[in-house]
Each structure stands twice: as structure tokens, then as C-alpha cells.
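Engineer: So the protein sequences, as listed, match chains G and U.
So the first sequence is residues 694 to 800, counted in the numbering used here.
So the second sequence is residues 179 to 523, counted in the numbering used here.
Cβ coordinates follow ideal geometry from the N, Cα and C atoms, glycine included.
Just so it is clear, the structure is predicted and the values come from calculations on it, not from any experiment.
Sharing a structure below in C-alpha cells format, with a few things to ask.
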Amino acid sequence: MPDFGFKLQKDRQIDFDANDRSATRAIIETEPTFRLCIACGTCTACCSAGNFTDFSLRRMITGLKRGNYEGVRAMADQCMLCGKCQMLCPRGVSTRKLVLAIRKHIR
Amino acid sequence: MIGGGIAGMESSAHLAAMDYEVTLLEKDSRLGGKLLKWERLFPTMRLGSEVLAFLNQGVEKHVAVHCNTEITEIHRKAAAFHIHTATGRTYEADAVLVTTGYDLFDARKKEEYGYGIYENVITSAELEAMFAEGKPLHTADGRIPKRMGFIHCVGSRDEKVGNVYCSKVCCVTAVKQAIEVKEKHPETDIYCFYMDLRMYGMHFEAMYKQAQEKYGINFIRGRLSEACENIDHSVLLKAEDTLSGRPLKMSVDLLVLMVGFIPSEGTKAVGKMLGLEFGVNRFFKTCDQHTLTNVSNVPGVFFAGACTAPKTITNSITDARAAAATIATYLEGKAISARTIENQK
Ligand SMILES: Cc1cc2nc3c(=O)[nH]c(=O)nc-3n(C[C@H](O)[C@H](O)[C@H](O)COP(=O)(O)OP(=O)(O)OC[C@H]3O[C@@H](n4cnc5c(N)ncnc54)[C@H](O)[C@@H]3O)c2cc1C
Ligand code: SF4
Ligand code: SF4
Ligand code: SF4
């Protein structure tokens, strides 16, 4: 194709109606405390992995809720399952089990 | 007492119990104010009618109640207030308590949300009315909604409509109503769009957690920018999902707008008749925000309830009792009623 000096941008909107959220439903079934997250960011701030890479459990959870699965699996693999965030989460999200559930349901 | 809502009823009951002669003037045909409209109350899910019955015990047989009473003029003659009504009656009083409450924000003013334009956009008050009717929840064409949206802060915290204050009850009301929908229709998915969730009350946070844990109600942090109608009459929402940092679009079958408080027409009218001061938010201005919370700028005129600021029922009842004590000390000429505070705010 000739180069006209412009290109089409990909739509950045989260298209809630089009997104398939079936994996999210499966994750909730495996680990119901997923629902309790209030996106406070405590987990991200205390996470050793998150302090050196762009890994964020909070962001991963928010993305999953909207059905955004891009990059989620690679992110879930970065968690060391150390459990630090679980000790700090104010809502009692079982974060380690959640990460395992994500790994189970998202390829 | 001008206004027979929660605040007017509870102040009247306490003053009557202290043997004062109390006359309660209400413009509607019944006492109760907004409480008549809310079926179940946060945070207990108790029936509104139970609270009304409780308040009535103090009013019935103790207070002279005059409903359907429209006040036309108020004059001060020596120490007494003369209150004239549309029916030509005049009531005399040594003190006046103003409990004229609030009105709901007119959602049509927030045109971009489509209320009054799209058939599946309703207000929180209309949802309450559906609950009270006891009929199944339905869209305009009679279907049970598969997905619903609740929009927080409609007509509150919004300079564009001229209301910069928080209405205080609508966050928890959205959670309460969402739970009620889920109890009746578990298969309906619910999304609440909020800027901040203000779950300040003792049991509100627990309700919020229950909404997530037990009912699977979803919360998206982002303010609705606009709503449009899809061809099938569902409503397309556009907001930023601020936690993902991306714009989001979502269709809902029914959209509920959490309308805020504005000062009532009665508050404006009675305030004018009595020469009362209004604050920056157009509610009545109390003499001091910390201490003289029931006292007006006119000696002998006092306030209680939501005519001074958005309040919950608990707040309104407590405020009403405080007003009764303030009026009693004023009528008895007690020294504490002459207290002042430096730098009134
Ligand atoms: C959607 C919604 C749901 C709510 N649900 C809850 C809940 O679950 N729990 C809770 O704690 N709170 C709830 N609230 C808050 C509650 O409605 C208020 O706290 C309460 O109604 C305030 O009582 P009030 O007596 O001050 O005012 P109002 O209820 O507004 O009563 C004022 C009365 O004065 C009368 N009046 C006005 N002008 C005149 C006049 N000129 N002459 C004579 N009479 C006049 C009116 O007719 C009315 O009867 C809710 C609010 C909203 C918007
Ligand atoms: S600490 Fe808990 S509530 Fe906070 S973002 Fe992490 S998982 Fe969610
Ligand atoms: S369990 Fe995973 S997400 Fe939580 S602190 Fe440890 S590495 Fe970070
Ligand atoms: S209580 Fe919540 S919904 Fe109501 S105005 Fe305040 S922040 Fe907005």
C-alpha cells in the first residue's frame, strides 16, 4: 500500500458491549473475593515485583473486570506469590489465590 | 412549625411533650414529607412507613396539625409572629420553626444524560416509586432490564448546574437501590458510575461491601459524560474508566440518575417572608456551622432538617430534637439561648 503519510489509529475505547467477559466470570467463580477489590492500590504499592516492573495487581484486576485480557497472562506470571499484598489488602481479597485463578482461566 | 416532614414532626412532638402549644402547618395533604416516597431505607432496609409510624406517636393527639395549608404572609407584631394562610386563617406564635425541607434536582437540566428525552432514563425517586408499587422492575417497553446503570452525583458536585455541594445520601441510596434490584432480579447486571464513593455512615461501608460480595454489583470510577439512545432504545453510556485510564462505552437497558438535593420552593418562599438569610448553596444559613446550627438571623425563628443542608433521616431526626431544645430554652428566656460565638461562620 502506498504511504500517504497517515494511518488509522486503533480505537482505545473499552467496548463493554463487545468484550467477552466469560473468563472473568470463571475467575470470580474460582475466587469470589475478586469482587471485593476497591482499587485502592495498596497491593501495587507494596509489591516488590511492582516496584521494579510495570506489574500492578490493581490494574490487572480493573482490566479483568472490563474484559480486557490483553497482556494479563504475562502480567499474572510476574507475581511471585509472596503474599505481602494479601496481608495489606483492606478488603480481604485473597490475592494469591486470585493470581492462581487468573493463571488458570487466562491463557 | 412550618413543614410537616420528618424534621417538623419530631420537633413538634418534643415541644408538645414539654407542654408547649404546638401548631404544625403542612402544605400537602399528609405529614411525612419525602419519607412518604421511600419504600425501604438505608442502611437497615427498614420500611419508611415504620419510621413514619414512630414519628406519628409523638404527633397524634399532641400537636395541632393543619394540612393543605398554604402560607401567604408572615408578619411580626410586637413579640408575636402572625402567619396568614391562603384559606384566610391567621396563626399566632412566639417562635417559628422552619422545616420546609428540600426538593429533588430536576434531571432535565443535565440534558446530556437524556432524562425526559430517552424513555429508559429514570431518576432514583422514580425507581423508589416502582419499588413502592410492588410491580416488577421494567424498562419503558415492559421488559426486565438485563443491565442497569446508576449514575452518581446528578445535579450535585457540579458547577455546570450551579450546585457545588455533595448531596450526602445518594451514594448509599444507589447501593441500597442496586441491592433491592438484585434481590428482586438476580440476573440483572448492575454498574454504578461514581466520582468518589461517600460511604461515611457507620454501616454504609458494610452495605457497599455486601453489594460487591453478596450481590456482585459493579462499580466504575468515572463520571458519565453523555448518554445516547441505541436503536433498540437501550442507553449507550460514555465515561472514562479512570482506573484503566481508557474511555469506556456500555449499553444499559435502564439508566437511573441519582438526583441530588436542592432547597425546596417552600424554603425559598418562607425564607423571603421571614427575611431569612440564605447561604452560598441557597439553603438556609444557620448562625454558625459548628454551634448555632438551629438558629437563624431572625430572633425567634429556628431551623431543623434538610432546609439547611442535605441530611439523612437520622440527621434530620437528631437535628429536630436539637431544634426543640433550642426553642424551649429561647421561650423560657434561659441564659444559654443568648450565647454567641466569636467569628460566626
Ligand atoms: C432518593 C432519596 C432516597 C432517600 N432515602 C433515604 C433513606 O433510605 N434513609 C435516610 O436516612 N434518608 C434518605 N433520604 C433523605 C431523606 O429524604 C431526608 O433526610 C428527609 O426527607 C429530610 O426531612 P425534612 O423533614 O427535613 O424534609 P422533607 O422530607 O423535604 O419535608 C419537608 C416538608 O415541608 C413541607 N413544606 C415545604 N414547604 C412548605 C410550606 N411553604 N408550607 C408548608 N409546608 C411546607 C413539605 O411539603 C414537606 O412535607 C433519601 C433522599 C432521597 C433523595
Ligand atoms: S489492596 Fe486489595 S482492594 Fe486494594 S487494589 Fe489491591 S486487591 Fe484491590
Ligand atoms: S503476592 Fe504477587 S502481587 Fe502480591 S505482593 Fe507478592 S508478588 Fe506482588
Ligand atoms: S453522596 Fe455520592 S452521589 Fe451523592 S452527591 Fe455526594 S458523592 Fe455524589
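In whole angstroms, what separates the C-alpha of G/Asp710 from that of U/Arg208?
Structural biologist: One C-alpha to the other measures close to 46 Å.
Engineer: Report, in whole angstroms, the separation of the C-beta atoms of U/Gly438 and U/Phe283, which I expect to be a contact under 8 Å.
Structural biologist: Correct: roughly 5 Å between the Cβ atoms.
Engineer: What does the Cβ neighbour count give for U/Pro314, buried or exposed, with the cut at 16 atoms within 10 Å?
Structural biologist: It counts as exposed.
Engineer: Compile a chain-ordered list of the residues in the stretch 384–395 of chain U whose CB is closer than 7 Å to at least one CB of chain G.
Structural biologist: Those would be Lys387, Gln390, Glu391, Gly394, in chain order.
Engineer: Could you check if G/Ala732 belongs to the surroundings of ligand 2, using beta carbon to heavy atom distance under 8 Å?
Structural biologist: True, at least one ligand heavy atom lies under 8 Å from that Cβ.
Engineer: For U/Ala352, verify whether its CB is less than 8 Å away from any heavy atom of ligand 4.
Structural biologist: True, at least one ligand heavy atom lies under 8 Å from that Cβ.
Engineer: With distances taken between CB atoms, is the gap from U/Tyr296 to U/Ala389 smaller than 9 Å?
Structural biologist: Not a contact, by the Cβ cut-off of 9 Å.
Engineer: Count the C-beta pairs between the stretch 185–204 of chain U and the stretch 227–242 of chain U that are closer than 8 Å, then say yes if the count reaches three, no if not.
Structural biologist: The stretch 185–204 of chain U vs the stretch 227–242 of chain U: in contact.
Engineer: With H, G and I counted as helix, E and B as strand and the rest as coil, what does DSSP make of G/Pro725?
Structural biologist: Helix.
Engineer: What residues from chain U crowd round G/Thr735, counting only those whose CB sits closer than 8 Å?
Structural biologist: What G/Thr735 touches in chain U: nothing, since even the nearest Cβ is about 14 Å away.
Engineer: For ligand 2, is there any heavy atom lying closer than 8 Å to the beta carbon of G/Thr723?
Structural biologist: Checking the Cβ of G/Thr723 against ligand 2 gives no.
Engineer: Report the neighbours of U/Pro425 on chain G: residues whose CB is nearer than 8 Å to its CB, in chain order.
Structural biologist: Those are Arg705, Gln706, Ile707, listed as they occur along chain G.
Engineer: Check this for me: beta carbons of G/Ala769 and G/Ile721, under 9 Å apart or not?
Structural biologist: No, these two residues do not count as a Cβ contact at 9 Å.
Engineer: Within 10 angstroms of the Cβ of U/Tyr291, are there 16 or more other Cβ atoms? Answer buried if so, exposed if not.
Structural biologist: Buried: at least 16 other Cβ atoms inside 10 Å.
Engineer: Check this for me: beta carbons of U/Ile329 and U/Met436, under 9 Å apart or not?
Structural biologist: Taking 9 Å as the Cβ cut-off, U/Ile329 and U/Met436 qualify as a contacting pair.
Engineer: When you compare only the Cα positions, how much space is there between U/Cys349 and U/Asp419?
Structural biologist: Computed Cα separation, rounded: 18 Å.
Engineer: Would you report the Cα separation of U/Cys465 and U/Phe309, rounded to the nearest angstrom?
Structural biologist: Whole-angstrom Cα-Cα distance: 39 Å.
Engineer: Exposed or buried, what is G/Arg705 when buried is set at 16 or more other beta-carbons lying within 10 Å of its beta-carbon?
Structural biologist: The residue in question, G/Arg705, is exposed, as its Cβ has fewer than 16 Cβ neighbours within 10 Å.
Engineer: Return the residues of the stretch 184–210 of chain U that lie within a Cβ-Cβ distance of less than 9 Å from chain G, sorted by chain order.
Structural biologist: Here the close residues number zero.
Engineer: Any chance the stretch 406–425 of chain U sits against the stretch 448–464 of chain U, with 3 or more Cβ pairs inside 8 Å?
Structural biologist: Touching, no.
Engineer: Is the beta carbon of U/Asp374 within less than 8 Å of some heavy atom of ligand 4?
Structural biologist: Yes, the Cβ of U/Asp374 comes within 8 Å of a heavy atom of ligand 4.
Engineer: Need the endpoints of the alpha helix (DSSP H) that G/Ala770 sits in, please.
Structural biologist: Per the sequence presented here, residue 770 of chain G reads as Asp, with Ala not at that position. Where G/Asp770 is concerned, the enclosing alpha helix (DSSP H) stretches over 765–771.
Engineer: What did DSSP end up calling U/Thr278 once you bin it into helix, strand or coil?
Structural biologist: Coil at U/Thr278, not helix or strand.
Engineer: Say whether chain U places a C-beta atom closer than 9 Å to the C-beta of G/Ile721.
Structural biologist: Closer than 9 Å: yes.
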